[in-house]
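Peer 1:
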């Protein structure tokens, strides 16, 4: 006796249609950002470092849609070119923590015992210090600049991913499908990587999105403090810092980079939300 | 007419025959305690409106144990909760639930609150989630006593201790100070019953109270409920999916499927001569003592999609007696015999079947012999 | 009533060489003195106070034999150890002590390839249709993985074999491309069965196979099990709490209480003349489908003791109406009181003559 499957939906919707609006909008925004990052020349004829002494501190106009700063540099170009910098920040402050933290968390949760205890103690140590203070301290020792910032964040940022993944792996380990995989004689490596990890990685992935926007903000904060990107790099945070002296007289210098920061944050936020929904296993 | 044989504690484990004949369609000698008319519950979901309960009618008499039996998706638990208007918007409940001459569904909140937990109490499947873990059992009983019986102080404590004793918890006075997690599963269920009884309800709603319990403990709790029914003259609506529980604890049975009642009858009549194809199917699918390792007779298919019910009888897609007439209008619940209602067009045909599931009356009645 | 329409004919595959069964007695699996405890997480405070480490006595000195081709039912209530026993037999848990032998192999010591070989022979079907399948793998991927990891078929033949397995358990062939959430509970159990069968085992351990399913669907899956057992000559260990079902399916039944076997006999003997007071109580407590047979007093009084605190002597003595002095002092041993009928109760020693095994002996 064959049992019939529950009926499938009457019309088949195209794949992209079935994406939730948040994910869809977030992805579109991300594509725009990527375009700006990869092909900034498409958007603007100016170079971000071109000085134009004839147009110092000009307010937004047709020639300079975002105005110019005190060196005569076109703000619009700087914002566009800065996209690449800030997206790089987003990626490099999160790539290592995500990969390392997630894998370590998976191993930790799966194996338990000494590995878990050891890593747990290290994590406890790291967490004791306030994140920003720790990062600033490391950067202060190593010297300012984006690369050192990436190092500092990586040394500290993996803990969240470790904790998230470890917790999820511990829970999934008890699930019957994982037990079934063991009874089927699969190697521990296969059980962990093929069965448990795909089901345990969602919280880490969603957190990654938030972390990316936090990373950009961190870059901005450090830039604001002079510890991040160094001039003349058109990093948004540095630009906001530069603009603070001109808030009243030339508001456009700090505001537009600030809006760009917000846009990037919103983009990652939307994607994170959408992913959380999309990755949740249906029931 | 209901005849209740008072069950004192004899401690004698021999079986007793308990006959309960319920006459529902003729005018009852005593007015029903609860009258439900055209109860409907609609649950809006992303995929459409789910008609969880689609027009349920029944009466409950004083001192009666009514079993509401069905599988998952039948609507039995939803029905129970609808009786006390426990559902919140956007769930829509309509119909009438008459208790003490009033329609509970249209009562103002404060009147309804005095009925809930007062006149009508409810116990649940999982005592650990139904009991407040941060309050002692004593505090929870006292709360009920204060709210519904206006008892305080020493008198309340005395009564609380009595209640725990009534439900068979040893050292009741001391146990008042224990938290739910300090009780074992069966004891927790007893504690929950004690709290529910504090207000001396006339009606106890029990939602799968023994499903999560071990067999020997389930047996104790069912016996307790029956004993309480007798000593406190209380009615019970017992929601369950276990036909054995129904056979052992209920006077009358209502079988639900797809949000409607398919059959209501006295318990002997239901098991001895079911008159709905679904009931027949259910009883037939259970293992028979005689046919060791023979294939069982399942009901084909699966439970219906309540968002997308077919026209006609909800059970028709799975029914072996289905004919064209079943697919038109949904058959109403009609009396097929005094006290026995069925919503099956073919109830006559089923009445002819030798579908009795009771063992031959010539078997000696020892508690050990062929209990299953 | 509808007939079960027959599933397409399936050739019984020639199975690769298995471990040699004990031909004399037809034993497949022998368990001796199996013991398993679990540690309880103690708070720092308890440790500081020097309180002794508590352990859950999940299995204590369990011995039995599973005969080739039989269905052995294992019943009991919470804390009886039946699930622990099932999981220890498939090496999900590591036993504290004892022996399990399968075709001459010492199962508890197996490692690596030998252990994988054992998993090929003995498989398990789990209780929860919702969590026993990986929600992110299609049915085809689940079955395909089992087939390829164990090299059951050459790569090219795997899709065809997947189709065969689906037909074997009564699922449509399109099921291969679907995810678990698209199936009903009964269908998911079928998928679980197909997964176990992909390895072509000799023995299936079903831990509460149908408990989580609706009554009307339970019968469907039970019939499937019966059919498969016939067709594939499977030995089945049926762990369940539903006594009616166990009676229907099993050739022999073992009754467990707080980690020990208290009675073991053929189904008829257990249900018609149970010897152990717990078995008697359990059978009387199980709700009968005959509404005319009702009792006043409960069949068994008292609470189930916690496996953290198993009573001394006979574990059942706290609830047994016939308990006497010896029950507190001495744990009753599982002895053969009639042919093939084993029970662990002091009452039986004094009341009946013990059945002494003749030369060939009866397996537990």
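Residue numbers (our numbering), protein chains in the order written: chain A, 892 to 1174; chain B, 2 to 373; chain C, 1118 to 1481.
All C-beta atoms in this analysis are idealised placements derived from N, C-alpha and C, irrespective of residue type, glycine included.
1) Output, in sequence order along the chain, the residues in the segment 1226-1241 of chain C whose CB is closer than 9 angstroms to any CB in chain A.
2) Of all the CB atoms in chain C, is at least one closer than 7 angstroms to the CB of residue 23 of chain B?
3) Does DSSP classify residue 235 of chain B as helix, strand or coil?
4) By how many angstroms is the C-alpha of residue 1283 of chain C removed from the C-alpha of residue 917 of chain A?
5) For residue 1141 of chain C, does the three-state DSSP call read helix, strand or coil?
6) From which residue to which residue does the beta strand (DSSP E) around residue 1355 of chain C run?
7) Which whole-angstrom value is the C-beta distance of residue 351 of chain B and residue 275 of chain B, which I expect to be below 8 angstroms?
8) Residue 1437 of chain C by DSSP, collapsed to three states: which one?
9) Between which two residues does the alpha helix (DSSP H) harbouring residue 163 of chain B extend?
10) Are the Cβ atoms of residue 1376 of chain C and residue 1175 of chain C separated by less than 7 angstroms?
11) Please report how far the alpha carbon of residue 1124 of chain A lies from the alpha carbon of residue 977 of chain A, in whole angstroms.
12) Three-state secondary structure (DSSP) at residue 938 of chain A?
13) Rounded to a whole number of angstroms, what is the C-alpha to C-alpha distance between residue 165 of chain B and residue 194 of chain B?
14) So, is the C-beta of residue 1329 of chain C closer than 7 angstroms to a C-beta in chain B?
15) Determine whether the Cβ of residue 1256 of chain C lies closer than 7 angstroms to any Cβ atom of chain B.
16) Report the rounded CA-to-CA distance for residue 1236 of chain C versus residue 1146 of chain C, giving the unit in angstroms.
17) Strictly by DSSP, which residues pair up with residue 374 of chain B?
18) Go through the segment 1294-1329 of chain C residue by residue and report every complete run of the beta strand (DSSP E) that reaches 3 residues or more, in order.
19) Closest to residue 298 of chain B by C-alpha separation, out of C:1354, C:1418 and C:1332, would be which residue?
20) Is residue 967 of chain A helix, strand or coil when you go by DSSP?
21) Identify whether residue 49 of chain B lies in helix, strand or coil by the three-state DSSP scheme.
22) Who pairs with residue 1374 of chain C in a beta bridge, going by DSSP?
23) Quick check: the segment 913-929 of chain A against the segment 1158-1170 of chain A, are at least 3 beta-carbon pairs closer than 8 angstroms?
24) What are the complete alpha helix (DSSP H) segments, minimum 4 residues, inside the segment 1228-1260 of chain C?
25) Taking only the alpha-carbon atoms, compute the straight-line gap between residue 1409 of chain C and residue 117 of chain B and give it to the nearest angstrom.
26) If we ignore side chains and look at the alpha-carbon of each, how far apart do residue 25 of chain B and residue 340 of chain B end up?
27) Any beta-carbon of chain A closer than 7 angstroms to the one on residue 1207 of chain C?
28) Put residue 341 of chain B into one of helix, strand or coil per three-state DSSP.
29) DSSP three-state label for residue 1071 of chain A, please.
30) Below 6 angstroms CB to CB, which residues in the same chain sit around residue 963 of chain A once its five sequence neighbours on both sides are set aside?
31) What did DSSP end up calling residue 1286 of chain C once you bin it into helix, strand or coil?
32) Check each residue of the segment 49-78 of chain B: if its Cβ is closer than 8 angstroms to any Cβ of chain C, include it; give the result in chain order.
33) Can you grab the Cα-Cα spacing for the pair residue 1466 of chain C / residue 1444 of chain C, in whole Å?
34) Just to make sure I have the definition right: I need the residues of chain A whose C-beta is within less than 9 angstroms of the C-beta of residue 1112 of chain C. Which are they?
35) What alpha helix (DSSP H) runs, 4 residues minimum, are completely inside the segment 1032-1104 of chain A?
36) What residue from A:929, A:1044 and A:1083 has the CA that sits closest to residue 1060 of chain A's CA?
Peer 2: According to the structure data:
1) Hits within the stretch, in order: 1232, 1233, 1234, 1235, 1236, 1237, 1239, 1240 and 1241.
2) Walking along the second chain from the start, residue 23 of chain B turns up at place 22. Legend: pLDDT at residue 23 of chain B = 40, less than 50; position of this residue unreliable, value from coordinates given subsequently. Taking 7 angstroms as the threshold, the shortest C-beta distance from residue 23 of chain B to chain C does not fall below it.
3) Looking up residue 235 of chain B in the second chain gives position 234. The answer is coil: DSSP assigns residue 235 of chain B none of H, G, I, E or B.
4) Working through the first chain from its first residue, we reach residue 917 of chain A at position 26. Working through the third chain from its first residue, we reach residue 1283 of chain C at position 166. If you draw a straight line from the Cα of residue 917 of chain A to the Cα of residue 1283 of chain C, it is about 41 angstroms long.
5) Here residue 1141 of chain C refers to the residue found at position 24 of the third chain. Since pLDDT at residue 1141 of chain C reaches only 41, below the 50 mark, its modelled position is unreliable, and the value read off the structure follows with that caveat. Looking at residue 1141 of chain C - three-state DSSP - the assignment turns out to be coil, as it is neither helix nor strand.
6) One-based indexing of the third chain puts residue 1355 of chain C at position 238. Note, residue 1355 of chain C: beta strand (DSSP E), 1352-1356.
7) Residue numbering aside, residue 351 of chain B sits at position 350 when the second chain is read from its first letter. Residue numbering aside, residue 275 of chain B sits at position 274 when the second chain is read from its first letter. Confirmed, about 7 angstroms.
8) Walking along the third chain from the start, residue 1437 of chain C turns up at place 320. Taken through DSSP and simplified to helix, strand or coil, residue 1437 of chain C comes out as coil.
9) The sequence position of residue 163 of chain B within the second chain is 162, counting from 1. First-last of the alpha helix (DSSP H) with residue 163 of chain B: 154-167.
10) In the third chain, the residue the question calls residue 1376 of chain C occupies position 259. In the third chain, the residue the question calls residue 1175 of chain C occupies position 58. Yes. Within cutoff.
11) Translated into the one-based positions of the first chain, residue 1124 of chain A becomes position 233. Translated into the one-based positions of the first chain, residue 977 of chain A becomes position 86. If I take the Cα positions, the gap works out to 11 angstroms.
12) Numbered from its first residue, the first chain carries residue 938 of chain A at position 47. In the three-state DSSP reduction, residue 938 of chain A falls in the coil class, being neither helix nor strand.
13) Locating residue 165 of chain B in the second chain gives position 164, counting from the first residue. Locating residue 194 of chain B in the second chain gives position 193, counting from the first residue. The alpha-carbon of residue 165 of chain B is positioned some 9 angstroms away from that of residue 194 of chain B.
14) As a position in the third chain, residue 1329 of chain C is number 212, starting the count at 1. Closer than 7 angstroms: no.
15) As a first step, residue 1256 of chain C must be located in the third chain, where it is residue number 139. Not an interface residue.
16) On the third chain, residue 1236 of chain C is found 119 positions in, with the first residue counted as 1. On the third chain, residue 1146 of chain C is found 29 positions in, with the first residue counted as 1. So the alpha carbons of these two residues sit roughly 13 angstroms apart.
17) Look at the range of chain B in this structure, 2 to 373, and you will see that residue 374 of chain B is not part of it.
18) If we require 3 residues or more, the beta strand (DSSP E) runs fully inside the segment 1294-1329 of chain C come out as 1320-1324.
19) Residue mapping note: residue 298 of chain B aligns to position 297 of the second chain, counting from 1. Out of C:1354, C:1418 and C:1332, C:1332 has the C-alpha closest to the C-alpha of residue 298 of chain B.
20) Mapped onto the first chain, residue 967 of chain A falls at position 76. Secondary structure at residue 967 of chain A: helix, using DSSP grouped into helix, strand and coil.
21) The residue you call residue 49 of chain B lines up with position 48 of the second chain. In this structure, residue 49 of chain B counts as strand in the three-state DSSP scheme.
22) Start at 1 with the first residue of the third chain, and residue 1374 of chain C comes out as number 257. As a beta-bridge residue in DSSP terms, residue 1374 of chain C pairs with C:1377.
23) Yes, the segment 1158-1170 of chain A is in contact with the segment 913-929 of chain A.
24) Entirely contained in the segment 1228-1260 of chain C, the alpha helix (DSSP H) runs reaching 4 residues are, in chain order, 1229-1238.
25) On the third chain, position 292 is the one that residue 1409 of chain C refers to. On the second chain, position 116 is the one that residue 117 of chain B refers to. Cα to Cα, residue 1409 of chain C sits roughly 34 angstroms from residue 117 of chain B.
26) Within the second chain, residue 25 of chain B is the residue found at index 24, counting from 1. Within the second chain, residue 340 of chain B is the residue found at index 339, counting from 1. Note on residue 25 of chain B: pLDDT 39, under 50, position unreliable in the model; the coordinate value appears next. Rounded to the nearest angstrom, the gap between the Cα atoms of residue 25 of chain B and residue 340 of chain B is 5 angstroms.
27) Here residue 1207 of chain C is taken as the residue at index 90 of the third chain, counted from 1. True, the Cβ-Cβ gap to chain A drops below 7 angstroms.
28) By 1-based counting over the second chain, the position of residue 341 of chain B is 340. Strand, per DSSP.
29) The residue you call residue 1071 of chain A lines up with position 180 of the first chain. Three-state DSSP puts residue 1071 of chain A in a helix.
30) One-based indexing of the first chain puts residue 963 of chain A at position 72. Excluding positions up to five away in sequence, the list reads 942, 943, 944, 946 and 947.
31) Here residue 1286 of chain C corresponds to residue number 169 of the third chain, with the count starting at 1. Correct three-state label for residue 1286 of chain C: coil.
32) Correct list: 72 and 73.
33) Translated into positions along the third chain, residue 1466 of chain C becomes position 349. Translated into positions along the third chain, residue 1444 of chain C becomes position 327. As the crow flies, the alpha-carbon of residue 1466 of chain C is around 12 angstroms from that of residue 1444 of chain C.
34) Absent from the model: residue 1112 of chain C. The displayed extent of chain C is 1118 to 1481, so no value can be given.
35) You should have 1037-1065, 1067-1074 and 1088-1091.
36) Your numbering for residue 1060 of chain A matches position 169 in the first chain. Closest in alpha carbon position to residue 1060 of chain A, among A:929, A:1044 and A:1083, is A:1083.
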